[in-house]
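J.: In terms of the numbering used here, the sequence shown opens at residue 337 and continues consecutively.
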Amino acid sequence: MTQTVDAIRTRYREHRRDIDLLLSDLLGRSTAWLLAHGDQLVDEVPIDAAMQRRIAGEPLQYIRGRCEFYGREFLVDDRVLIPRPETELLVEAVLRLAPRNARIVDVGAGSGCIAITLQLERDDLEVVAIDRSLGALAVTRRNREALGARLRLAASDVLTSLRGNFDVVVSNPPYIPARDIDGLEVQVREHEPRMALTPGASGTEIIEQLFAQAGRATLAMEIGFGQEAAVRAIAEAHRFRVGEVIPDLAGIARVVVSSPAW
Ligand SMILES: C[S@@+](CC[C@H](N)C(=O)[O-])C[C@H]1O[C@@H](n2cnc3c(N)ncnc32)[C@H](O)[C@@H]1O
337 MTQTVDAIRT RYREHRRDID LLLSDLLGRS TAWLLAHGDQ LVDEVPIDAA
387 MQRRIAGEPL QYIRGRCEFY GREFLVDDRV LIPRPETELL VEAVLRLAPR
437 NARIVDVGAG SGCIAITLQL ERDDLEVVAI DRSLGALAVT RRNREALGAR
487 LRLAASDVLT SLRGNFDVVV SNPPYIPARD IDGLEVQVRE HEPRMALTPG
537 ASGTEIIEQL FAQAGRATLA MEIGFGQEAA VRAIAEAHRF RVGEVIPDLA
587 GIARVVVSSP AW
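#1: Any contact between the region 398-416 and the region 439-449? By contact I mean 3 or more CB pairs, one from each, below 8 Å.
#2: Any idea what DSSP makes of R458, helix, strand or coil?
#3: Hey, out of R480, R432 and L370, whose CA is closest to R408's CA?
#4: Tell me the rounded alpha-carbon separation between I577 and R477.
#5: Out of M387, H574 and A565, point me to the one whose CA is closest to Q545's CA.
#6: According to DSSP, what are the bridge partners of C403?
#7: Check whether the region 486-498 touches the region 512-521, taking contact to mean three or more Cβ pairs, one atom from each stretch, closer than 8 Å.
#8: Find out if the Cβ-Cβ distance for the pair D362, P382 is shorter than 9 Å.
#9: For Y406 and A485, I'd like the C-alpha separation in whole angstroms.
#10: Work out the CA separation of L483 and G579 for me, nearest whole Å.
#11: Tell me whether G444, by its Cβ, gets closer than 8 Å to a heavy atom of ligand 1.
#12: Just confirm the distance between the C-beta atoms of A556 and T540, as a whole number of angstroms; I'd bet it's less than 8 Å.
#13: Looking at the structure shown, is I383 part of a helix, part of a strand, or coil, going by DSSP?
#14: For N508, is the beta carbon positioned less than 8 Å from some heavy atom of ligand 1?
#15: Starting from the Cα of L426, find the closest Cα among I543, F561 and N508 and give me that residue.
#16: Within its chain, find whatever has a CB closer than 8 Å to the CB of T340; leave out the 5 residues flanking it on each side and keep chain order.
#17: Quick one: what's got a C-beta closer than 8 Å to D503's C-beta in the same chain, skipping five residues either side?
#18: Would you identify the three-state DSSP class for D281, choosing helix, strand or coil?
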């Protein structure tokens, strides 16, 4: 069944951005092109199927199978968290602080957006990406191949299965307290992997393990809303000194960089 671009855009006018991106994917044209070619006929079956998923709350990035991060396209599906713009702040911090030829481990790689971006932006870095989820690691691997990054992958519960020393441990860990999950938007709560969202009751369980296992490495991590004080206390308990706290665009403390004080 075919319909014109204009008719489909009218049918889904309450979802204008989504429908334009899906139409432009299907036609292999820009969204600007759609505006000038409203009488173009398209197969409405895949568009209706995609929009039904979207209206039911599935994130557009999973439906399209991709997401942009730091100027590159990453493949995503429901085995990985959808990369967030604020995580680019973490990448920028590590690009700034990592010494030449630094050995870096990304704990909880998910799509691989952090590890792959670091390696592609800085060819001198030696990067290992780890995750506890084998499904997530399969997506990291696909992105590594698609983007041509040089990266070692390993399955590990935080750093417990890893040998060797690292100069920098980077992580965007799961940090949402379990009790807050019910209050999240449906597209996060029902579709993104639970293991990527929450580590347990306090939200700081993985953060604590990162400090406990980082050894002499500099630790750069993303943290959740209102967690700065708790993270400072954990850092102090593990004799780490907090060097930098970087706010996101909303002014929320989002990235914490700390180093061993011993
Ligand atoms: C918030 S997501 C971050 C994904 C990706 N790095 C990003 O920034 O988009 C957290 C990731 O940590 C992984 N994870 C959760 N618990 C873990 C653990 N104990 N050890 C290693 N990885 C873990 C999850 O599978 C998930 O991929």
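Ideal Cβ positions, reconstructed from N, Cα and C, are used throughout, including at glycine.
Bear in mind the structure is a predicted one, so any value in this text is a computation, not a measurement.
T.: Short version:
#1: yes
#2: coil
#3: R480
#4: In the sequence as presented, Ile is not what sits at residue 577; that position holds Arg. Looking at the two C-alpha atoms, the distance is approximately 34 Å.
#5: H574
#6: F410
#7: Judged by Cβ distances under 8 Å, the region 486-498 makes no contact with the region 512-521, as fewer than three pairs qualify.
#8: Note that residue 362 is Leu in the sequence shown here, rather than Asp. Yes, these two residues count as a Cβ contact at 9 Å.
#9: One C-alpha to the other measures close to 14 Å.
#10: Going by C-alpha positions, G579 is about 32 Å away from L483.
#11: yes
#12: That pair is no contact at about 16 Å.
#13: helix
#14: yes
#15: N508
#16: G374, D375, Q376, L377 and V378
#17: A434, P435, A438, R439, I440, A553 and T554
#18: Any question about residue 281 goes unanswered here, given that the chain covers just 337 to 598.
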